[in-house]
Amino acid sequence: MSFVRAMPAGGGAVLIELDSLEQVIGLDAALRSTPPEGTVDLVPAARTVLVVFDTAATTADRVVADVSGRQIGPVVERAGPRVEVPVVYDGEDLDEVAAMSGLSPDEVVERHLRPEYRVAFCGFAPGFAYIVGGDPALRVPRRSSPRTAVPAGSVALADEFTGVYPRRMPGGWQLIGRTDALLWDLDRDPPALLPPGTRVRFVAARP
Amino acid sequence: MIEVVRAGALTTVQDLGRPGLAHLGVGRSGAADLGSLRLANRLVGNAEGAACLEITFGNFEARFDPAATVALAGAPCPVSLSGRDKFMYGPIQLIRNDRLSVGVPTAGVRTYLAVRGGIAVEPVLGARSTDVLSGVGPEPVVTGMRLPVGDDAIDAPCVDMAPVPPIPAEIVLRVLPGPRDDWFTPEALTTLTSQPYAVSPQSNRVGIRLTGPALDRARDGELAPEGLVSGAVQVPPSGEPVVFLADHPVTGGYPIIAVVAEPDICLAAQARPGQVVRFRRERR
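Just so you know, the protein sequences line up as chains D and P, in that order.
Under this note's numbering, think of the first position of the first sequence as 5, with each following residue one higher.
Under this note's numbering, think of the first position of the second sequence as 445, with each following residue one higher.
Structure, rendered in structure tokens:
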């Protein structure tokens, strides 16, 4: 596949920059199913995939050559597991999100429920998924001042992403609802409910 | 069993960490100074990755029952065994109920205590490593805690004392530019690799925060979050760099101007608040 560029991240990792999140999801899925020799960690993010490798087993040049030779198919063909997340839409920022997007709170909820989403990548905290595929009308910025504590299970919006807080922690995303789904459970394999590639549907739940 | 009589400022169980889970939001963690963890393990005949105690700024004491063989590596501390002075960097034989006391280090930050057989707390996601950022891993060690000792020694201890270079007063870290050096002015990389930086007291297992000349950006705008590695030199809006250590976040949104060469990350983990750090550009 063609990528924008490959940048060294120290002696033991290469950062592959891509044009779009779709390409990130495609490349990550391809590398995860058959990782380049010597791969220690694969970290997909918004526009990049970081390949961390064992310097005793391979080199940056070999990793880049492997990535260049990959065929990345359309993402839809790589059907991941499907998870339904029940949400009570009573978030503190729901009215503000509605105001920013020029919709009523009910329309925000209706539009948030409609699409099938996909987990692009995780980060920020164990099990915190950056979920994409949402309605562009619901694209809102982060809050100008982050909260010092966001309750576990909060369903929130920022930029092109929906996120669900796996535990109580500080955060600056716009809260639209909450779920009682267990996002992070050490007794589950994998412990994350929403690992990268998972297809997600939000369903309305009663309070 | 190791009974912790005095836990010190921060003592955690550490091994080589849990690679391969960054895509779930879980970083590698593991010993901040991996070289010293490996050395301490070799000195007692353990596999290099056995779990040890990582003791921050010394002031640690423990009672051992039954008898045990231990070794200390990393930041040099005065060591005494039930009142008798002992040396670091070599195996120490303990009899039942001996009390091992580790004083305050004369240089460096983190001292590793290996016990023959390894510390056998329950692994979490495949590792006995406490990640102070994500909260994954065994609970930090507190006074009164009893830690089980395993039986996975692989060899007899065969070295009396390992030669270890002292931690220098001025720490020099080799760096490789990138991945985002193009977000900075050309002068920024020159500044980074020629000017002294001081280690801020706000440093921990996540990273060492530095104070010194600001590194100016050549472009505005926000970087989308991207994967991070240990040793990454991140430049937040203040312009003063942070060097990430074992418990770094898996992704970050500020540009990385350079990455510390892997063998020097151990040295970075021993840099004390107030100490001077310099960076040297390494050729690829």
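Backbone N, C-alpha and C fix where the C-beta goes; we use that ideal spot for every residue, glycine too.
Check                                                                                                                        : Outcome
Closer than 8 Å at the beta carbon, the chain D residues around Leu633 of chain P                                            : The premise fails here: Leu633 of chain P is roughly 14 Å from chain D at the closest Cβ pair, so nothing lies under 8 Å.
Where Val457 of chain P meets chain D, residues with beta-carbon distance less than 8 Å                                      : Within 8 Å Cβ-Cβ: nothing; Val457 of chain P doesn't reach chain D, min ~16 Å.
C-beta contact flag for Met532 of chain P and Leu516 of chain P at 8 Å                                                       : yes
Which residues DSSP lists as bridging Leu173 of chain D, in chain order                                                      : It is Met, not Leu, that sits at residue 173 of chain D in the sequence shown. Note: Met173 of chain D sits in a beta bridge opposite D:Val154.
Supposed contact pair Arg725 of chain P and Val619 of chain P - C-beta distance, whole angstroms, cut 8 Å                    : 6 Å
Residue interval of the beta strand (DSSP E) (run including Thr455 of chain P)                                               : Leu454 to Gln458
Stretch pair the stretch 107-124 of chain D + the stretch 677-695 of chain P: three plus CB contacts closer than 8 Å         : no
Range of the contiguous alpha helix (DSSP H) that encloses Met11 of chain D                                                  : Here Met11 of chain D belongs to no alpha helix (DSSP H); instead the beta strand (DSSP E) covers Arg9 to Pro12.
Minimum Cβ-Cβ distance from Phe7 of chain D to chain P less than 8 Å                                                         : no
Separation of Arg649 of chain P from Ile536 of chain P, as counted between CA atoms                                          : 28 Å
For Glu447 of chain P: DSSP bridge partner residues                                                                          : P:Arg507 and P:Arg590
CB contact below 8 Å: Val67 of chain D versus chain P                                                                        : no
Other residues of its chain near Ala600 of chain P: CB distance less than 8 Å, five sequence neighbours each side excluded   : Gly489
Beta-carbon proximity check, Ala564 of chain P vs Arg462 of chain P, cutoff 8 Å                                              : no
Below-8 Å beta-carbon distance, Thr463 of chain P vs any chain D residue                                                     : Before going on, a small fix: residue 463 of chain P reads as Pro here, not Thr. Chain D, which has a Cβ nearer than 8 Å to the Cβ of Pro463 of chain P, makes this yes.
Proximity below 8 Å, CB of Val720 of chain P to CB of Glu614 of chain P                                                      : yes
Thr52 of chain D vs Gly671 of chain P beta-carbon contact at 8 Å                                                             : yes
Chain D within 8 Å of Pro669 of chain P, Cβ atoms only                                                                       : yes
CA-to-CA distance, Val71 of chain D to Ala33 of chain D, given in whole angstroms                                            : 12 Å
Spatial neighbours of Tyr698 of chain P in its chain, beta-carbon cut-off 7 Å, leaving aside the 5 residues before and after : Leu667, Gln678, Val679 and Pro680
Test: Glu706 of chain P CB closer than 8 Å to a CB of chain D                                                                : yes
Reduced DSSP category for Gly30 of chain D - H, G, I as helix; E, B as strand; rest coil                                     : helix
Beta strand (DSSP E) segments (min. 3 residues) lying fully within the stretch 87-151 of chain D                             : 121-126 and 133-136
Exposed unless 16 or more other CB atoms sit within 10 angstroms - verdict on Leu190 of chain D                              : exposed
C-alpha gap between Gly14 of chain D and Leu497 of chain P, whole angstroms                                                  : 28 Å
Residues bridged to Gly84 of chain D (per DSSP)                                                                              : Note: Gly84 of chain D sits in no beta bridge, so no partner.
Glu583 of chain P to Gly651 of chain P span [Cα, whole Å]                                                                    : 20 Å
CB contact check: His467 of chain P to chain D, cutoff 8 Å                                                                   : yes
Partner residues on chain D for Ile700 of chain P, Cβ-Cβ distance less than 8 Å                                              : Ala13
Gly479 of chain P - DSSP class collapsed to helix/strand/coil                                                                : helix
Outcome for Thr152 of chain D when other beta-carbon atoms lying within 10 angstroms are tallied against a minimum of 16     : exposed
Min CB distance Val136 of chain D to chain P below 8 Å                                                                       : no
Three-state secondary structure assigned by DSSP to Pro465 of chain P                                                        : Residue identity check: residue 465 of chain P is Leu in the sequence provided, not Pro. Leu465 of chain P: coil per DSSP, three-state reduction.
Cβ shell of Arg86 of chain D (< 6 Å), same chain only, five flanking positions each side left out                            : Arg203
Neighbour flag for Pro685 of chain P against chain D, beta carbons, 8 Å                                                      : no
Ser647 of chain P versus His692 of chain P: straight-line alpha-carbon distance, rounded                                     : 12 Å
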